[in-house]
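The sequence shown begins at 1 in UniProt numbering and counts up by one. Have a look at the structure below, then the notes.
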Amino acid sequence: MGSKHHIILRQQWTEHVPNSIQAPNVVASSNNNNQSPPSSTTPIHLSTRHVTLFTAEMADQMDVDAVKGEQQEEKVGPAPDLPAERIITNNFTLLNAAVDAFDSRFTLRALRSISTLRKAPNFPEAIAIGIRTAFPKPQNNARRVLEGMLPEQYRGQEGASEGVNGSGRDPDVVEIAEVWAYLGVLCQVYLYDTQQYKQGASFSENFVEKVRSFNRRTMDPIGAKAYFYYQLFHENLAPLPPSKQSPVLEIRPKLLAALRSAVLRKDSETQAAVTVLLLRNYISTADITQADLLVAQTQFPQTAANNQVCRYLYYLGRIRAIQLSYTEAHEHLESASRKSPTVGPAAGFYQQATKLLIVVELLMGDIPERSLFRQTSLEKALHPYFRLVQAVRVGDLQAFLKCASVYEAQFRKDGTYSLILRLRQNVIKTGIRMLSLSYSRISLRDICHRLSISSEESAEYIAAKAIRDGVIPSSSLNHQLGHLETAPPSDAYSTTEPSEAFHSRISALLAMRDESVMAMRYPMDKHRQEIAEAAKARERERELAKEIAEAEGDVDDGDDGFEGM
Numbered sequence: 001m002g003s004k005h006h007i008i009l010r011q012q013w014t015e016h017v018p019n020s021i022q023a024p025n026v027v028a029s030s031n032n033n034n035q036s037p038p039s040s041t042t043p044i045h046l047s048t049r050h051v052t053l054f055t056a057e058m059a060d061q062m063d064v065d066a067v068k069g070e071q072q073e074e075k076v077g078p079a080p081d082l083p084a085e086r087i088i089t090n091n092f093t094l095l096n097a098a099v100d101a102f103d104s105r106f107t108l109r110a111l112r113s114i115s116t117l118r119k120a121p122n123f124p125e126a127i128a129i130g131i132r133t134a135f136p137k138p139q140n141n142a143r144r145v146l147e148g149m150l151p152e153q154y155r156g157q158e159g160a161s162e163g164v165n166g167s168g169r170d171p172d173v174v175e176i177a178e179v180w181a182y183l184g185v186l187c188q189v190y191l192y193d194t195q196q197y198k199q200g201a202s203f204s205e206n207f208v209e210k211v212r213s214f215n216r217r218t219m220d221p222i223g224a225k226a227y228f229y230y231q232l233f234h235e236n237l238a239p240l241p242p243s244k245q246s247p248v249l250e251i252r253p254k255l256l257a258a259l260r261s262a263v264l265r266k267d268s269e270t271q272a273a274v275t276v277l278l279l280r281n282y283i284s285t286a287d288i289t290q291a292d293l294l295v296a297q298t299q300f301p302q303t304a305a306n307n308q309v310c311r312y313l314y315y316l317g318r319i320r321a322i323q324l325s326y327t328e329a330h331e332h333l334e335s336a337s338r339k340s341p342t343v344g345p346a347a348g349f350y351q352q353a354t355k356l357l358i359v360v361e362l363l364m365g366d367i368p369e370r371s372l373f374r375q376t377s378l379e380k381a382l383h384p385y386f387r388l389v390q391a392v393r394v395g396d397l398q399a400f401l402k403c404a405s406v407y408e409a410q411f412r413k414d415g416t417y418s419l420i421l422r423l424r425q426n427v428i429k430t431g432i433r434m435l436s437l438s439y440s441r442i443s444l445r446d447i448c449h450r451l452s453i454s455s456e457e458s459a460e461y462i463a464a465k466a467i468r469d470g471v472i473p474s475s476s477l478n479h480q481l482g483h484l485e486t487a488p489p490s491d492a493y494s495t496t497e498p499s500e501a502f503h504s505r506i507s508a509l510l511a512m513r514d515e516s517v518m519a520m521r522y523p524m525d526k527h528r529q530e531i532a533e534a535a536k537a538r539e540r541e542r543e544l545a546k547e548i549a550e551a552e553g554d555v556d557d558g559d560d561g562f563e564g565m
């Protein structure tokens, strides 16, 4: 029974019991005489029947009040949002708790509020209040550096702020490295949102080096976030990628050094984040070979956060797609789209992963389900790809070339244009496959006319390659007569195709189950508590056995002196 019901119980007691028997000590008497505790007020004795009737009536009234209370709770709206400066100072308490308990989960809770803080209209002012709260002395070097990233009107202000005491300091805030690093990340977010990329890159250059100098596990999530914005600032500096003079090439040594330090320190948060950033860095400048070497020479941490796992799988899928390993690319992209959220701020990532997944499926010769394009979060974003799938599905080469030309800008922006150009052969193969299913015999001249192929020789070579690749396995070419012959299709259930399909589905479900088990987290030192409780239970059993043995001995001693009547 919750605390609300306890309050109702006390209220019902005072409402139903007359004033004459409202006493601090009420004792229900039964056949046994219970001794009441000492009190200045004379205790009132109630019979068992009165107590039963009173309890039943009170329980009925409690059920009614509980229902009313739940209805009132449903009418109550959400709690009002805290001001941004109050959220920041509250996060200082979480960071202190992370240091005291040596638990980085408190640090992650503090970082989750960044998405809320950056939407606040007084975000820079809230950061300034947080800086003055953490570092009340104006001559503090950390305070001067952090305030230097804010607008002029928020620098060097003194005096008490809302939520802190007269000295300008929250009594629960202690100057610790985590608080300073958290404020540094907030400054990075502000500079990125205001598009001050050059100033942000200069600030992040020294900031990440300072964060790296701290070998503290409670600072690992903050360090990962700092490197993330460090990469974003340099991506937006001219010349932009994929230029080989882009500043992203200059930060690769620092990212590699950070990855090496994270591996040696067993810092899984920074290791996962920097690995993803290096892959992003290599892919942005089309250095696919170096990205593949990084994947081969490093091991992605299994305890990484879900958002980092999604990004890693997406970049790995893009690398494999460029390397023509479409089966591996499809597995990675499918896992990334399945793990990523479909709504909210991550909807853009889900759309991008789905776009690349559709292109890879087309390159594999598969056609995506139509229901995929009807999802609310994907319908508008996937419209160019829907037109592309329609052209590939029917094998219409002219419609495919027209679609690639009309939506070329969008495909280049998505980074899928080079992969889409590979689909020309797939469109022709699909067209040949559709013709082979429709006609048991068709001339090469008709194939040229239907698929817009320049000559019969080209059509013959394309058909021969389709037969060799297994696109039309039951077909054959007659060179003398110049036509393509197709045998009647065989029964799919007489082959191993159904069992292979079931095997792939079962493997996917088992892999999902294994990933879910590995993602489970348990409280620290929980097993030690269970061991201590088991030891206490054994001690109680020994004491109970000892008392039983002593009691049996006393009974035996009494029997020896019994002489009868």
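Ideal Cβ placement from N, Cα and C applies to all residues, glycine included.
*Reduced DSSP secondary structure (H/G/I, E/B, other) of S475*: As a first step, residue 475 must be located in the sequence shown, where it is residue number 475. In this structure, S475 counts as strand in the three-state DSSP scheme.
*Write down every uninterrupted run of the alpha helix (DSSP H) in the stretch 324-408 whose length is 4 residues or greater and which is fully enclosed by it, in chain order.*
326-339, 347-363, 383-394, 397-406
*Could you check what DSSP says for I494 in three-state terms: helix, strand or coil?*
As a first step, residue 494 must be located in the sequence shown, where it is residue number 494. Checking the displayed sequence, the identity of residue 494 turns out to be Ser instead of Ile. Here S494 sits in helix by DSSP.
*Leaving out five residues on either side along the sequence, give the residues of the same chain with a beta carbon under 8 Å from the beta carbon of T416.*
Taking the first residue of the sequence shown as position 1, residue 416 is located at position 416. Result list for T416: K355, L356, V359, in chain order.
_Taking a contact to mean a Cβ-Cβ separation below 8 Å, would you say S403 touches L421 in this structure?_
Numbered from 1 along the sequence shown, position 403 holds the residue referred to as residue 403. Numbered from 1 along the sequence shown, position 421 holds the residue referred to as residue 421. According to the sequence shown, residue 403 is Cys rather than Ser. Taking 8 Å as the Cβ cut-off, C403 and L421 do not qualify as a contacting pair.
*Enclosing alpha helix (DSSP H) for T194 [first to last residue]*: Stepping through the sequence shown from its first residue, residue 194 is reached at position 194. Premise fails: T194 is in no alpha helix (DSSP H) and is neither H nor E.
*Within the present structure, is the beta-carbon of P242 separated from the nearest heavy atom of the ligand MG by less than 7 Å?*
The ligand MG is not part of this structure, which contains no ligands at all.
*Indicate whether A273 and R212 have their beta-carbon atoms separated by less than 8 Å.*
Translated into the one-based positions of the sequence shown, residue 273 becomes position 273. Translated into the one-based positions of the sequence shown, residue 212 becomes position 212. Cβ atoms of A273 and R212: not closer than 8 Å.
*Would you tell me roughly how many angstroms separate the C-alpha atoms of G482 and E457, rounded to the nearest one?*
For the purposes of this step, residue 482 is taken as the residue at position 482 of the sequence shown. For the purposes of this step, residue 457 is taken as the residue at position 457 of the sequence shown. Distance between the alpha carbons of G482 and E457 is about 10 Å.
*Ignore the nearest five residues each way along the sequence and tell me which others in R169's own chain have a CB closer than 7 Å to its CB.*
Locating residue 169 in the sequence shown gives position 169, where the first residue counts as 1. Because R169 sits at a pLDDT of 46, beneath the cut-off of 50, its placement in the model cannot be relied upon, and the following sentence gives the value as read from the coordinates. Taken in chain order, the residues that qualify are T133, P136.
*Figure out for me which residue from S454, R265, Y493, L256 has the closest Cα to the Cα of A291.*
Here residue 291 corresponds to residue number 291 of the sequence shown, with the count starting at 1. Residue L256 holds the alpha-carbon nearest to the alpha-carbon of A291 among S454, R265, Y493, L256.
*asked:* Assess contact between the stretch 276-293 and the stretch 226-240, defined as three or more Cβ pairs (one per stretch) separated by less than 8 Å. Is contact present?
replied: Proximity of the stretch 276-293 to the stretch 226-240 meets the contact definition, three or more beta-carbon pairs being nearer than 8 Å.
*Give the straight-line distance between the Cα atoms of A532 and E541, rounded to the nearest whole angstrom.*
On the sequence shown, position 532 is the one that residue 532 refers to. On the sequence shown, position 541 is the one that residue 541 refers to. Going by the C-alpha atoms only, they are around 14 Å apart.
*For L82, name the three-state secondary structure that DSSP assigns.*
Mapped onto the sequence shown, residue 82 falls at position 82. Coil.
*How big is the Cα-Cα spacing for E497 and S504?*
Looking up residue 497 in the sequence shown gives position 497. Looking up residue 504 in the sequence shown gives position 504. C-alpha separation (whole angstroms): 11 Å.
_I'd like the span of the beta strand (DSSP E) that includes T486, first residue to last._
Here the question's residue 486 lines up with position 486 in the sequence shown. Unbroken beta strand (DSSP E) run through T486: 483-486.
*Taking R441 as part of the beta strand (DSSP E), name the residues at either end of that continuous run.*
Indexing the sequence shown from 1 puts residue 441 at position 441. Counting along the chain, the beta strand (DSSP E) containing R441 begins and ends at 441-443.
*Would a C-beta distance cut-off of 8 Å place S490 and S474 closer than the cut-off?*
As a first step, residue 490 is located in the sequence shown; it is residue number 490 there, counting from the start. As a first step, residue 474 is located in the sequence shown; it is residue number 474 there, counting from the start. It is a contact, given that the beta carbons lie within the stated cut-off.
_For S104, the three-state DSSP class (helix, strand or coil)_ = By 1-based counting over the sequence shown, the position of residue 104 is 104. Coil.
*Which residues in the same chain have their Cβ closer than 8 Å to the Cβ of L240, if we skip the five residues on either side of it in sequence?*
The sequence position of residue 240 within the sequence shown is 240, counting from 1. If we look at L240 and ignore the five residues flanking it on each side, its Cβ neighbours are S246.
*Along the alpha helix (DSSP H) that carries L232, what are the first and last residues, could you check?*
Position 232 of the sequence shown, counted from the start, is the residue given in the question as residue 232. Looking at the DSSP string, the run of the alpha helix (DSSP H) that includes L232 is 220-235.
*Contacting residues, own chain, Cβ-Cβ under 6 Å from T285 (five flanking each side not counted)*: On the sequence shown, residue 285 is found 285 positions in, with the first residue counted as 1. Excluding residues within five positions, the ones whose Cβ falls inside 6 Å are P241, P242.
*Where the alpha helix (DSSP H) containing T133 begins and where it ends*: To locate residue 133, count along the sequence shown from 1; it is residue 133. Counting along the chain, the alpha helix (DSSP H) containing T133 begins and ends at 123-134.
*Would the beta-carbon of A464 fall within 8 Å of that of L477?*
Sequence index remark: in the sequence shown, residue 464 carries index 464 (1-based). Sequence index remark: in the sequence shown, residue 477 carries index 477 (1-based). It is a contact, given that the beta carbons lie within the stated cut-off.
_Separation of Q390 from residue 570, as counted between CA atoms_ = The structure shown does not extend to residue 570, since the chain spans only 1 to 565, so no value can be given for it.
*Quick check: the stretch 98-105 against the stretch 138-149, are there 3 or more CB pairs under 8 Å?*
no
*Apart from the five residues on each side of it in sequence, which residues of its chain come closer than 6 Å, Cβ to Cβ, to L316?*
The residue labelled residue 316 in the question sits at position 316 within the sequence shown. H332, listed in sequence order.
*Presumed contact (8 Å Cβ cut-off) between Y197 and L237, rounded CB distance*: As a first step, residue 197 must be located in the sequence shown, where it is residue number 197. As a first step, residue 237 must be located in the sequence shown, where it is residue number 237. Contact holds; Cβ gap of about 6 Å.
*Assigned exposure category for P301 - 16 Cβ within 10 Å defines buried*: One-based indexing of the sequence shown puts residue 301 at position 301. Per the 10 Å Cβ criterion, buried.
*Exposed or buried, what is F502 when buried is set at 16 or more other beta-carbons lying within 10 Å of its beta-carbon?*
To locate residue 502, count along the sequence shown from 1; it is residue 502. Exposed, because fewer than 16 other Cβ atoms sit within 10 Å of the Cβ of F502.
*By Cβ distance below 6 Å, which residues in the same chain neighbour K429 in space, the five residues on each side in sequence not counted?*
Walking along the sequence shown from the start, residue 429 turns up at place 429. So the list reads A466, V471, once near-sequence residues are dropped.
*Express the C-alpha separation of A537 and T55 in angstroms, rounding to a whole number.*
Taking the first residue of the sequence shown as position 1, residue 55 is located at position 55. Taking the first residue of the sequence shown as position 1, residue 537 is located at position 537. Per-residue confidence for T55 stands at a pLDDT of 41, beneath the threshold of 50, marking its modelled position as unreliable; the derived number appears in the next sentence. C-alpha separation (whole angstroms): 36 Å.
_F300 - DSSP class collapsed to helix/strand/coil_ = Here residue 300 is taken as the residue at index 300 of the sequence shown, counted from 1. Three-state DSSP puts F300 in coil, outside helix and strand.
*Are I322 and V295 touching if we call contact CB-CB under 8 Å?*
Counting from one through the sequence shown, the residue named residue 322 turns up at place 322. Counting from one through the sequence shown, the residue named residue 295 turns up at place 295. Cβ distance not < 8 Å, so I322 and V295 don't count as in contact.
*Would you tell me roughly how many angstroms separate the C-alpha atoms of S499 and I506, rounded to the nearest one?*
The count along the sequence shown starts at 1 and reaches residue 499 at position 499. The count along the sequence shown starts at 1 and reaches residue 506 at position 506. In this model, S499 and I506 are separated by some 10 Å (Cα to Cα).
*asked:* So, under 8 Å CB-CB, residue 582 and L451 are touching, yes? Tell me the CB distance rounded to an integer number of Å.
replied: With the chain covering only 1 through 565, there is no way to say anything about residue 582.
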